[in-house]
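Here's the structure we're looking at; comments come further down.
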Amino acid sequence: MSRVAVVTGGGSGMGESTCHELGRRGHKVAVLDLDEAAAQRVADDLRADGVTAVGIGADVTDRQVMADSFATVRSELGPTTILVTSAGLFGFSPFVDLRIEDWERVIAVNLTGTFHACQLAVPDMLDAGWGRIIMISSSSAQRGSPEMAHYAASKGGVVSLTRSLAREYAPHGITVNNIPPSGIETPMQHQQQAAGILPPTEQMAANIPIGHLGTGDDIAAMVGFLSSDEAGFITGQTIGVNGGAVM
Ligand code: NAP
């Protein structure tokens, strides 16, 4: 069955891979990203593959912009019944030097941005009596990350948000899960490597039981399954896609 999917952070990395996976599954896809040109590029690529798609430039921290974006999706594609929140911002600082503005921005993008997207999508899902929410969290929420307290705390909030929404909306046919990635080759990971925050790829791979890093497609495959009818008995879960890095 063809549904309408919104993917925040859909202009890059695992969000972009997810847009293509959902398109392959026959869904209409709204690509939301801070980088409007990236959102349009991904939407163009989807349309070239025969997928009905729109690209929208939207900062997930801006409630009015997000409300307008969901209204655009509703008028151009229809009501949203699949939501994937992949927009994210990493940060790096020794805890005692962490500036309040950096704490607030990371929480705003990773946690409050996820809140806005969920709150704007749920009414359509309630009307449909069916919904799938898949949030991208982080292995930082599972095991902590030195000098990334704000990032790990924001993603821990996403894990708790998953569980609360899962309990609240299970009776309405809406499932809510999160995927905490680790070691996925994306522009964000490459930026962290370039900044010396993450070690080189070979060193990272040595710490992953499966022996290599993952790709956006690895995450997209799990998102695709969790967004399906077949995954209807899975909710409130944190499902790692990480090559065994966290067990
Ligand atoms: P990515 O390639 O950088 O994709 C993230 C996308 O989110 C970018 O297009 C970025 O736009 C967009 N974005 C950032 N701030 C935004 C905002 N305020 N509003 C709307 N869009 C915004 O990184 P990725 O690795 O695919 O990350 C996807 C998610 O996975 C993130 O939530 C990240 O925290 C999480 N994650 C990734 C890994 C990993 O191994 N890669 C590990 C753990 C968790 P700009 O490029 O314009 O900033």
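Every letter in the sequence shown is one number past the one before it in this note's numbering, and letter 193, counting from 1, is 186.
All residues carry an ideal CB built from backbone N, CA and C; glycine is no exception.
Since the structure is predicted, the reported quantities are computational estimates derived from the model, not experimental observations.
CB of residue i to nearest heavy atom of ligand 1: below 8 Å?
i       : result
Pro173  : yes
Ser153  : no
Gln186  : no
Gly84   : no
Ile219  : First, the amino acid is wrong: residue 219 is Leu here, not Ile. No; taking the cut-off as 8 Å, the Cβ of Leu219 has no heavy atom of ligand 1 nearer than that.
Pro180  : yes
Asn103  : yes
Ala68   : Residue 68 is actually Ser in this sequence, not Ala. Incorrect: Ser68 has no Cβ contact closer than 8 Å to ligand 1.
Asp61   : no
Ile177  : yes
Ala224  : no
Gly106  : yes
Ser(-5) : no
Met7    : yes
Gly288  : No information on residue 288 is available, as it lies outside the stretch -6 to 240 that the chain covers here.
Leu15   : no
Ile169  : The question names Ile, but residue 169 in the sequence shown is Val. Every heavy atom of ligand 1 is 8 Å or more from the Cβ of Val169, so no.
Would you mind reading off the limits of the alpha helix (DSSP H) that contains residue i?
i      : result
Gly8   : 6 to 17
Met215 : 209 to 219
Gly149 : 142 to 162
Gly106 : 106 to 121
Arg40  : 29 to 41
Asp61  : 56 to 69
Val99  : 93 to 100
Ala134 : 133 to 136
Would you report the Cα separation of residue i and residue j, rounded to the nearest angstrom?
i      : j      : result
Met181 : Ser79  : 12 Å
Thr54  : Gly2   : 12 Å
Gln33  : Asp26  : 9 Å
Gly48  : Ala23  : 6 Å
Gly124 : Ile167 : 4 Å
Gln112 : Val151 : 13 Å
Asp28  : Gly81  : 12 Å
His165 : Gly122 : 6 Å
Ser153 : Ser130 : 10 Å
Asp211 : Gln57  : 33 Å
Ile126 : Ser157 : 12 Å
Thr194 : Ile177 : 10 Å
Gly8   : Arg18  : 15 Å
Val216 : Thr11  : 7 Å
Ala51  : Val169 : 23 Å
Ala134 : Leu91  : 18 Å
Ala198 : Tyr144 : 22 Å
Under DSSP, the beta strand (DSSP E) around residue i begins and ends at which residues?
i      : result
Asp26  : 21 to 26
Thr168 : 167 to 172
Could you tell me which residues DSSP pairs with residue i in its beta bridges?
i      : result
Leu76  : Val(-1), Ile126
Gly48  : Val24
Ile203 : In DSSP, Ile203 forms no bridge with anything.
Ile177 : Gly207
Thr231 : Asn171
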